[in-house]
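Peer 1:
Chains as they are written, first to last, in the working numbering: chain A, 5 to 117; chain B, 25 to 138.
Here's what the structure looks like:
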């Protein structure tokens, strides 16, 4: 069965420090991987995606993610965190033959001033 | 602005009442989805429609029905609301093709069933 795991419910990072939000997946076939961000009382916004090619994907707001096939991971990273990055982050996966996307449970990111 | 529009934004229902959540997209997307979001549970798929005229159950379909009225509109109906259906509901749509493989989300409907 397809699944996505975000092992941390919450991540706290000081402003200016690098941040990592973890995601691992389990699918059969080649995965399409996504990160979405949700600000309070808003819908989800697309950050970045991995389909094929370079394992390091760059997205919106200075975020990037690294696809690691051997570890089945797709961790979200940013070199220097901003207070405005505080939000709820969702990792998601889709298999090419399937029209559905499965979301992780989300990780709440707190950037401390 | 192009995107996914959901109505209403907020709703309070009494147990046993019915209502329909509306969703419309203007991006000519084939696929549309309804999710519910609950604390600690992430987003769970209720129903989806891969194309006009087709609908399929997702992970948590019980207590809900859907209608894909046309390519633009995908509605979610609660026939007899229950407190367990208190949640935030999101509609999403998706285009086809490798470059359009992500979702666009609406801003959500916050539903409380008392």
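Glycine included, C-beta positions come from ideal geometry on N, C-alpha and C.
1. Check whether the Cβ atoms of residue 12 of chain A and residue 76 of chain A lie closer than 8 angstroms to each other.
2. Taking Cβ-Cβ distances shorter than 7 angstroms, what residues in chain B pair up with residue 107 of chain A?
3. Got a sec, what are the start and stop residues for the beta strand (DSSP E) residue 47 of chain B sits in?
4. Just the chain A side, please: which residues come within less than 7 angstroms of residue 131 of chain B by C-beta, in chain order?
5. For residue 58 of chain A, go through chain B and note every residue whose CB falls closer than 9 angstroms to its CB, in chain order.
6. By the criterion of Cβ-Cβ separation under 7 angstroms, what are the contact partners of residue 55 of chain B in chain A?
7. Return no unless some Cβ of chain B is closer than 8 angstroms to the Cβ of residue 78 of chain A.
8. Rounded to whole angstroms, what is the Cα-Cα separation between residue 102 of chain B and residue 29 of chain A?
9. Does residue 62 of chain A have its Cβ less than 8 angstroms from a Cβ in chain B?
10. Below 8 angstroms on the Cβ atoms is my contact criterion, and I expect residue 82 of chain B with residue 67 of chain B to pass it. Report the Cβ-Cβ distance as a whole number of Å.
11. Using a Cβ-Cβ distance under 8 angstroms, would residue 53 of chain A count as near chain B?
Peer 2: To lay it out plainly:
1. No Cβ-Cβ contact shorter than 8 angstroms links residue 12 of chain A with residue 76 of chain A.
2. Within chain B, 66 and 67 have C-beta atoms less than 7 angstroms from the C-beta of residue 107 of chain A, given in sequence order.
3. Residues 43–49.
4. Contacts between residue 131 of chain B and chain A, judged by CB atoms closer than 7 angstroms, involve 46 and 47 in chain order.
5. Ordered by position in chain B, no residue passes the 9 angstroms Cβ test against residue 58 of chain A, which lies about 15 angstroms from the chain.
6. Per Cβ cutoff of 7 angstroms: 103.
7. With respect to chain B, the C-beta atom of residue 78 of chain A has no partner C-beta closer than 8 angstroms.
8. The alpha-carbon of residue 102 of chain B is positioned some 32 angstroms away from that of residue 29 of chain A.
9. Not an interface residue.
10. Actually they do not touch by this definition, with Cβ atoms about 10 angstroms apart.
11. It does; some Cβ of chain B falls within 8 angstroms.
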